[in-house]
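S.K.:
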Amino acid sequence: MSPTKPVEELDRVAIRFAGDSGDGMQVIGTKFTESTALAGNDLSTFPDFPAEIRAPAGTLAGVSGFQVHFAGERIRTPADQPDVLVALNPAALRANVEDVRPGGMVIVNSDAFTVKNMERAGYAEDPRPELGDRFRLVEVPLTSLNREALRDLKIGTRDADRSKNFFALGMMYWLYGRPVESTERWLRGRFKGDVLEANLRVLNAGIHFGETTEAFPISFTVPRAKIQPGHYRNITGNTALAWGILAAGKRFDCSVFLGAYPITPASDVLHELARYRHFGVRTFQAEDEIAAASATIGAAFAGELSVCTTSGPGFVLKQEALGLAIMTELPLVVVDIQRAGPSTGLPTKTEQADLLLALYGRNSDSPMPVLAAATPGDCFYTMIEAFEIAVKYMTPVAVLSDGYLANSSEPWQIPDVESLTQGAIVQRTDPEGFHPYERDPDTLARPWAPPGTPGLEHRIGGLETEENTGNVSYDPQNHARMVALRAEKVARIAQDIPPIETDGADRGRLLVVGWGGTYGAITSAVEEARADGLDVSAIHLRHLNPFPANLGEVLKSFEHVLVAELNSGQLWRVLRAEFLVDAKALTKIEGLPFKVSEVRGAIDSILEGEA
Amino acid sequence: MPAAAKMTRKDFVSSQDVRWCPGCGDYSILSNVQKVMPELGVPRENVVFVSGIGCSSRFPYYMNTYGFHTIHGRAPAFATGIKLARPALSVWVVTGDGDGLSIGGNHLLHTIRRNVNLQILLFNNRVYGLTKGQYSPTSRPGMTTKSTPQGGIDYSVDPIAFALGAGATFVARAIDVDANHLQEVLHRAHAHLGTAFVEILQNCPVYNDDEWVEVEDRKTRTNASLVLKDGEPLVFGNEDNRQGIRIENGVPSIVRLGDQDPVAAGIAVHREGHESPAYAFALASLTRPNFPVPIGVFRAVEKPTYETMLQHQVDDALAQRGPGDLSALLRSGDTWTVEA
């Protein structure tokens, strides 16, 4: 870092890296995040990329972005508006610049502003003069500086140009005083020979450029955040979810079966767990979504801790199989990492619109517990809890994550594994008086009696079963009793769910209700509003079926209820039907997470005039 | 619970009343499977029957073993999950021509391709029975049913050729009422390591009666079927009408033998173990009315099974990396400590 330039301290900064989908924006975004985590800041990230692997270069459709928000205080969202945009070409500039905070910094690769590139991005004329009036525009000839740094290496221009993302990263490391070591370590583990040399060299060339260029008169620093003491790492939702599955296996001392079919944005969980066969995990890439669910249910029948992971279109295909798991009362977890739909929709964009599908998406009355994770790190704990419910109550359990949680990251306090290693799976071995559909009086769970157990030979299936014996039964009264029993069993899970705690006062003018990945935006908006003197509280639901027992009471303790979710009002509908509350809905269906300001705007409009 | 060696057919009969139509071929198949079970030396608790939907799929309810009556067409996928979780189990899939080859064709294909060590019994009656008589994917073209009042215009799929196309390591055909032969085939299927696919020609007396009558009726069976025996020439027919199958350039033809020695007359000698499936495909093309229906084992070759290879990967991972350490994993890569 230059001793000659002044350093300014900032509370928080949000930076967005943007370029072509092949430009390595996700890579440098991730590296910047890791370095920032090690610098001790709180942080939140938002990767946003197209579904096409390599969309045509230089077009708006191909722009890939990665936003990282970091601070010396607690933060919960990737920030509504970036303070800084790093745009590697005109298309990346055009797709992102209007999101930048007015007066914010816009760093562009000036070498990329050819007439052809600007035309391809849809600019009729050079946008830079106009943008220079509204933003602090910094023009850096990235491509030529990068080539210059590699001039004496035996490396082609094409390969040289591929490393320019690391030049940009180095520049940003200097500008925000980030440590470079973790990135150098990563590069050494990843590349060899000239490619390694090139990347290391341009990374440091970027840092030196920052130091010497007159374009950056000062650099910035963001102090370490005061967060709870402990051992931390950075984690994405999908990694936390995969590790939560491993933790459940350890907690129950049981081998794990994962059945999955590749689908965005859930495939990463399959990839991650496929690496851990030595943890006793068997991953099975099935021929389709239905087979993935079916094999998983088969493994559950056979006594394994079983899970399948998918996204909306796959979750739909699994519903018939899940109906069978409900009918045969087998324990497994099905994870839906929701994406924007309907149909194929926007595969890489986020949404929370599969709630009603999870709750009601099967033929006939087929109740299934539903949980939703609130933050990337929370995916870990949600998975453990889902398995606990599944094996205790002998039921499939749905876990809802979403595309935003899946790919975004936050610092995560590493839990003490020993504190997790309790809990036992009860599998029946005693043939004395065994009936496949006898029930635990407390949980109403039927016994888990996997094949291989002598004396417990029995048959299960999708036909309605006689209470207790499990024999096929067409008796009308028995059917009515079994429908009621299946519902009652799921309802009784509420006895294990802690009462919902209100963030803020227990009663008052406005309660904001959220669930799933909107936790950060809602909590930030509510805290901000309270700091401004508004009478607003919040609850965030993890348990969507059954609800916490006190939910109705909490809802009725507020004059207004606002349900904020990334769909057309699904939880809103359920709460109104269930509790007869005149709740209002804040909905967003753009494939993007809530901005804090959007939630805040809805709060203000309900509490108009009060401050 | 009697020891495996002392068990009898009765030990495999469940308490449930069997509810197929009178005269259904499924009765005979059930009886023969129950007869074979105690002879296999597998403890009853290690036997699992898995089915989908259809008449044949009621089968598990009648077996006093573990059983799972699942959803339409997906039994091979459920069975795969069971087998991967507990490789020691003897897992039998019972399916039909509609369940296995129509709605479940994809799962049948991929399960066979993976060579999961399962026995798959496909009861082929060439009609949908449980839904009351629509044509199935194995129905003869032109067949008139409730859903094809002017005759079916689908070409049919041959289960044996389908299995061969999927890369099956064991493919056989048996007849519901030919008890001894069926039992022999079931023994062979169980002994095979890998997916053992068995088509069982089965009569539906209600919706497609006498579909297989030529091969079921003892009077016509000898001329209408060709019993495959490993190492023996493809000879069939009554003593006064001995015939053989010659295969040239993959194309079979019938040779009337009289007193000729079959091998000298160029009749193909049956070999289950050809590495190439071309010969078995040629056999699969033998259909009525021009040819006899081959009965027995078309193909039996050895290939590592899916669950064995999966177990090797688990063992290798354990040998190379030791038992997974969750605490170390959570602390892997870049971490940092926030001091109090």
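Those protein sequences? They're chains B and V, same order as listed. If you read the first sequence in numbering that gives the first Met the number 0, its first letter stands for residue 0, the second for the next number, and so on. If you read the second sequence in numbering that gives the first Met the number 0, its first letter stands for residue 0, the second for the next number, and so on. Where is the CB? At the ideal position from N, CA and C, for every residue including glycine.
Quick one: using the 10 Å Cβ neighbour count with 16 as the cut-off for buried, is B:Q25 buried or exposed?
M.R.: Residue 25 of chain B sits at position 26 when you count from the first residue of the first sequence. That one is buried.
S.K.: Quick one: list the residues of chain V neighbouring B:L462, beta-carbon separation under 7 Å, in chain order.
M.R.: One-based indexing of the first sequence puts residue 462 of chain B at position 463. Here the neighbours are H68.
S.K.: Pull up the CB-CB distance for V:V234 and V:G243, whole angstroms please, since I reckon it's below 8 Å.
M.R.: Here residue 234 of chain V corresponds to residue number 235 of the second sequence, with the count starting at 1. Here residue 243 of chain V corresponds to residue number 244 of the second sequence, with the count starting at 1. Right, their Cβ atoms sit about 5 Å apart.
S.K.: Counting only C-beta atoms, is B:E118 closer than 8 Å to chain V at any point?
M.R.: Reading the first sequence from its first residue, position 119 is the one you call residue 118 of chain B. So, not an interface residue.
S.K.: Applying a beta-carbon distance threshold of less than 7 Å, which residues of chain B neighbour V:Q312?
M.R.: Along the second sequence, read from residue 1 onward, the residue named residue 312 of chain V stands at position 313. Within 7 Å Cβ-Cβ: R276.
S.K.: Assess contact between the region 252–263 of chain V and the region 324–335 of chain V, defined as three or more Cβ pairs (one per stretch) separated by less than 8 Å. Is contact present?
M.R.: no
S.K.: Beta carbons nearer than 8 Å to chain V: which residues of the region 360–383 of chain B have them?
M.R.: none
S.K.: What's the call for V:G66, buried or exposed, on a 16-neighbour Cβ count within 10 Å?
M.R.: Within the second sequence, residue 66 of chain V is the residue found at index 67, counting from 1. Within 10 angstroms of the beta-carbon of V:G66 lie 16 or more other beta-carbons, which makes it buried.
S.K.: Going by beta-carbon coordinates alone, are B:R508 and B:L574 separated by less than 8 Å?
M.R.: Locating residue 508 of chain B in the first sequence gives position 509, where the first residue counts as 1. Locating residue 574 of chain B in the first sequence gives position 575, where the first residue counts as 1. No; because the gap between Cβ atoms is not below 8 Å, this pair is not in contact.
S.K.: When burial is assigned at 16 or more other CB atoms within 10 Å of the CB, is B:I52 buried or exposed?
M.R.: Counting from one through the first sequence, the residue named residue 52 of chain B turns up at place 53. With fewer than 16 other Cβ atoms within 10 Å, it is exposed.
S.K.: Return yes when the Cβ of B:L84 is within less than 8 Å of the Cβ of B:V99, no when it is not.
M.R.: Indexing the first sequence from 1 puts residue 99 of chain B at position 100. Indexing the first sequence from 1 puts residue 84 of chain B at position 85. Yes, the Cβ-Cβ distance between B:V99 and B:L84 is below 8 Å.
S.K.: Given a threshold of 16 other Cβ atoms within 10 Å of its Cβ, counted over all protein chains shown, does B:C378 qualify as buried or as exposed?
M.R.: If you number the first sequence from 1, residue 378 of chain B lands on position 379. Its Cβ being crowded by 16 or more others within 10 Å, B:C378 is buried.
S.K.: Is there a C-beta anywhere in chain V that falls below 8 Å from the one on B:P46?
M.R.: Numbered from 1 along the first sequence, position 47 holds the residue referred to as residue 46 of chain B. For B:P46, the answer is no, since every Cβ of chain V falls outside 8 Å of its Cβ.
S.K.: Are the C-beta of B:E210 and some C-beta of chain V separated by less than 8 Å?
M.R.: As a position in the first sequence, residue 210 of chain B is number 211, starting the count at 1. So, not an interface residue.
S.K.: Between B:L543 and B:L356, which are expected to be in contact by the criterion C-beta below 8 Å, what is the C-beta distance as a whole number of angstroms?
M.R.: Counting from 1 along the first sequence, the entry for residue 543 of chain B is found at position 544. Counting from 1 along the first sequence, the entry for residue 356 of chain B is found at position 357. B:L543 to B:L356, Cβ: 12 Å. No contact.
S.K.: What's the gap between the Cα of B:E456 and the Cα of B:Q421?
M.R.: As a working note, residue 456 of chain B is residue 457 in the first sequence. As a working note, residue 421 of chain B is residue 422 in the first sequence. Looking at the two C-alpha atoms, the distance is approximately 30 Å.
S.K.: Decide if the region 32–49 of chain V is in contact with the region 86–104 of chain V; the criterion is three or more beta carbon pairs, one per stretch, under 8 Å apart.
M.R.: Yes, the region 32–49 of chain V touches the region 86–104 of chain V.
S.K.: What residue range is occupied by the uninterrupted alpha helix (DSSP H) comprising V:V313?
M.R.: Position 314 of the second sequence, counted from the first residue, corresponds to residue 313 of chain V. 305–320 is the span of the alpha helix (DSSP H), which, as asked, contains V:V313.
S.K.: Is the region 204–217 of chain B in contact with the region 378–393 of chain B, if contact means three or more CB pairs nearer than 8 Å?
M.R.: no
S.K.: Output needed for V:C54: all residues of its chain with C-beta closer than 6 Å, excluding positions within five of it in sequence on either side, in chain order.
M.R.: Translated into positions along the second sequence, residue 54 of chain V becomes position 55. Excluding sequence neighbours, V:C54 sits near G128, L129.
S.K.: List the residues of chain B that V:S326 touches, going by C-beta distances under 7 Å, in chain order.
M.R.: For the purposes of this step, residue 326 of chain V is taken as residue 327 along the second sequence, with counting starting at 1. By Cβ distance, chain B contributes V416.
S.K.: Report the option in B:R200, B:E129, B:P77 whose CA atom is closest to the CA atom of B:G102.
M.R.: In the first sequence, residue 102 of chain B corresponds to position 103, counting from 1. Comparing Cα-Cα distances from B:G102 to each of B:R200, B:E129, B:P77, the minimum goes to B:E129.
S.K.: Is it buried or exposed for V:P322, if we count other Cβ within 10 angstroms and need 16 for buried?
M.R.: For this step, residue 322 of chain V is matched to residue 323 along the second sequence. So V:P322 ends up on the exposed side.
S.K.: From B:G39, B:Y175, B:Y275, pick the residue whose C-alpha is nearest to that of V:R320; which is it?
M.R.: Reading the second sequence from its first residue, position 321 is the one you call residue 320 of chain V. Taking only the C-alpha atoms, the option nearest V:R320 is B:Y275.
S.K.: Taking V:I70 as the reference, give the member of V:D153, V:G97, V:K145 with the closest Cα.
M.R.: Start at 1 with the first residue of the second sequence, and residue 70 of chain V comes out as number 71. Comparing Cα-Cα distances from V:I70 to each of V:D153, V:G97, V:K145, the minimum goes to V:G97.
S.K.: Please say whether V:V176 and V:G24 have beta carbons closer to each other than 8 Å?
M.R.: Taking the first residue of the second sequence as 1, we reach residue 24 of chain V at position 25. Taking the first residue of the second sequence as 1, we reach residue 176 of chain V at position 177. Contact: yes.
S.K.: For a contact meaning CB atoms closer than 9 Å, what does V:D333 contact in chain B?
M.R.: Here residue 333 of chain V corresponds to residue number 334 of the second sequence, with the count starting at 1. Per Cβ cutoff of 9 Å: E33, S34, A36, L37, S181, R184, W185, R232, N233.
S.K.: Just checking: is the beta-carbon of B:H270 within a distance shorter than 8 Å of some beta-carbon in chain V?
M.R.: Walking along the first sequence from the start, residue 270 of chain B turns up at place 271. Output row for B:H270: interface = no.
S.K.: Provide the residue(s) that pair with B:F283 in DSSP beta bridges, ordered along the chain.
M.R.: As a working note, residue 283 of chain B is residue 284 in the first sequence. Answer is B:G258.
S.K.: Excluding the five sequence neighbours on either side, which residues of its own chain have a C-beta within less than 8 Å of the C-beta of B:L42, listed in chain order?
M.R.: Looking up residue 42 of chain B in the first sequence gives position 43. Cβ neighbours of B:L42 beyond the five flanking positions: T32, T35, A36, V67, H68, F69, A70, I74, N233, S408, E409, P410.
S.K.: With DSSP as the reference, please indicate the residues paired to V:G243 in a beta bridge.
M.R.: Here residue 243 of chain V refers to the residue found at position 244 of the second sequence. Answer is V:V234, V:V254.
S.K.: From the DSSP output, in three-state form, read off B:F16 for me.
M.R.: Sequence index remark: in the first sequence, residue 16 of chain B carries index 17 (1-based). Of the three classes helix, strand and coil, the one that applies to B:F16 here is strand, per DSSP.
S.K.: Which residues in the same chain as B:S310 place their Cβ atom closer than 7 Å to its Cβ, once the five residues preceding and following it in sequence are excluded?
M.R.: On the first sequence, residue 310 of chain B is found 311 positions in, with the first residue counted as 1. Same-chain partners within the cutoff: I262, T263, P264, A265, D335, I336, Q337, R338.
S.K.: What three-state label does DSSP hand B:T156 in the structure shown?
M.R.: To locate residue 156 of chain B, count along the first sequence from 1; it is residue 157. Here B:T156 sits in helix by DSSP.
S.K.: Between which residues of its own chain and V:T79 is the CB-CB distance below 7 Å, once the five residues before and five after are set aside?
M.R.: Taking the second sequence and counting its residues from 1, the one referred to as residue 79 of chain V is at position 80. If we look at V:T79 and ignore the five residues flanking it on each side, its Cβ neighbours are T110, V115.
S.K.: Are the C-beta atoms of V:F420 and some chain B residue less than 8 Å apart?
M.R.: Nothing can be reported for residue 420 of chain V, as the shown portion of chain V is limited to 0 through 339.
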